[in-house]
Structures are given as C-alpha cells and as structure tokens.
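Have a look at the structure below before the remarks.
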Amino acid sequence: MKKTASLTTPQTRGASRIISSLKEAVDWAEGKKSGARVTQVEVPDINVRELRRRLGLSQSAFAAKYGFAPATLRNWEQGRTRPDGPARVLLAVIDRHPEAVEDALRKAS
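Rendered as structure tokens:
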C-alpha cells in the first residue's frame, strides 16, 4: 500500500474556508440563507442645548470642539431640524463620556 502525502496545509485549509464563505455569501445573496444577525439599538434624542450648557460651552466652542457646523447646532437647538442617526450617536457618547470623544479627536488629529 502506497502512502500519499497529505494535501492539507495551512494554505489549503485557508482556501477551503474562503471558498466556503463565498458559497455562503452567494446563498445569502440569493435568499437561500438568512444567517445574518442584525441588532438594532435605539439611540435616544439628546437635548443639544442642555448638553452644551452642561459642558459650559458656547455654541461656537461646542461646534468647533466636536466637529459640527455652527449653523447645524443652532438649527438643532432651535428645533428647526433634528440630529440624524450618526450625529445622535456622537451626541449620546458626548453626553455620557465627553472626555473619551475629546481624547479620540485629539489622537486623530
């Protein structure tokens, strides 16, 4: 009986996983599979004026510090518009952990 060399190498195992993942993606795209798990998180409305005042910042200082347009901030505070999803998330984080946002922005610049 002849011995055959194993064809299982890290590369072939990796390739097999990639092929399997691609097949799964095609199945999902064709509606044959719904393995994706989606979690929705409810982001609360933030009273922007109250948040800004609590932090002791003017409108222009708050806008500059956190990257908002001053006109946008005024519109939010005066109720003409409301923050959209990403802005609401950022405002919620500023509300709970302003120092974390400041630190992240400092490190990014």
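Under this note's numbering, read the sequence shown as residues 33 to 141, first letter to last. We put the CB at the ideal spot given by N, CA and C, even for glycine.
Asked	Found
Can the beta-carbon of A119 be found closer than 7 Å to that of L105?	no
Pick out the complete alpha helix (DSSP H) segments inside the segment 56–129, 4 residues or longer, and give them in chain order.	80–86, 91–98, 102–109, 117–128
Can you tell me the Cα-Cα spacing of L89 and V58, whole angstroms?	51 Å
Is the beta carbon of E109 closer than 7 Å to that of V80?	yes
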